[in-house]
Amino acid sequence: KAGVTQTPRYLIKTRGQQVTLSCSPISGHRSVSWYQQTPGQGLQFLFEYFSETQRNKGNFPGRFSGRQFSNSRSEMNVSTLELGDSALYLCASRTSGSNEQFFGPGTRLTVL
Amino acid sequence: LAKTTQPISMDSYEGQEVNITCSHNNIATNDYITWYQQFPSQGPRFIIQGYKTKVTNEVASLFIPADRKSSTLSLPRVSLSDTAVYYCLVGAPPGGGNKLTFGTGTQLKVEL
């Protein structure tokens, strides 16, 4: 079974731009969560989607948004990028009856 | 959300047993305890999960005392490849939501 895939793997943007990251969960997994990882703040939960609905949300500003499609693929969007948004963005999927999350390799976003 | 406290780092040698303890004084009745492992430039990987007493799988054991205010991840006979960051999390029961909070983690370094 293929694992969680994320595209692109690396991205360089400038301040003020917006970016969209994509995540394809493991087949059959309907829950997709997004995390931001930085050296200073560690791994922080952004949001979780299940069956195209946002089920949980972390403490991030409204510039961070996401969505999930009917095939469970998910996208995360960050608008008006700031230097502090430079981070590794991780996506994780799981089945509805389990807490075991399967993480993708992440997208490394650099904001200049 | 229950906050976790772990040692920042630990050192060990190949073949030794490593025990990493996590404190979670405010754990809720419904919370499960989960441990993840993360290698550099990779997403975290699920190791083990438990609610109380002891859980064992092919890679680790998890010891949880009766008051559940702490837990200990035990890695038997570590090898160099076990060098990684280990995260302790407490959060919702399986299927009950996914707003998991990752702490700062414990950097385990295994040497020859």
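Protein chains in written order, with the numbering used here: chain A, 987 to 1098; chain B, 300 to 411. In this text, a Cβ means the ideal position worked out from N, Cα and C, and glycines have one as well.
Three or more pairs of CB atoms, one per stretch, sit closer than 8 angstroms, so the segment 1012-1024 of chain A contacts the segment 988-996 of chain A.
The Cβ atoms of glycine 1092 of chain A and glutamine 341 of chain B lie closer than 9 angstroms to each other.
The beta-carbon of proline 306 of chain B is placed no less than 9 angstroms from the nearest beta-carbon of chain A.
Between leucine 388 of chain B and leucine 372 of chain B a beta carbon distance of about 11 angstroms is seen, past the 8 angstroms cut, so the two are scored as non-contacting. In this structure the segment 329-339 of chain B does not lie against the segment 1055-1071 of chain A, because fewer than three pairs of beta carbons, one per stretch, are closer than 8 angstroms.
Using a Cβ-Cβ cut-off of 9 angstroms, glutamine 341 of chain B is close to Phe1089, Pro1091 and Gly1092 of chain A, given in chain order.
Neighbourhood of phenylalanine 1046 of chain A in chain B, by CB distance below 8 angstroms: empty, with the nearest CB roughly 12 angstroms away. Here the alpha carbon of aspartate 330 of chain B sits roughly 5 angstroms from the alpha carbon of glycine 390 of chain B. It is roughly 17 angstroms from the alpha-carbon of valine 1005 of chain A to the alpha-carbon of glutamine 1023 of chain A.
The criterion of a C-beta distance shorter than 9 angstroms is not satisfied by tyrosine 386 of chain B and leucine 1095 of chain A. Between threonine 1000 of chain A and leucine 1067 of chain A, the C-beta gap is smaller than 9 angstroms, which places the two residues in contact. Put simply, the backbone Cα of threonine 1039 of chain A is about 7 angstroms away from that of glutamine 1054 of chain A.
Proximity of arginine 367 of chain B to chain A, defined by a Cβ-Cβ separation below 9 angstroms, is not satisfied. Under DSSP, aspartate 310 of chain B shares a beta bridge with B/Lys408.
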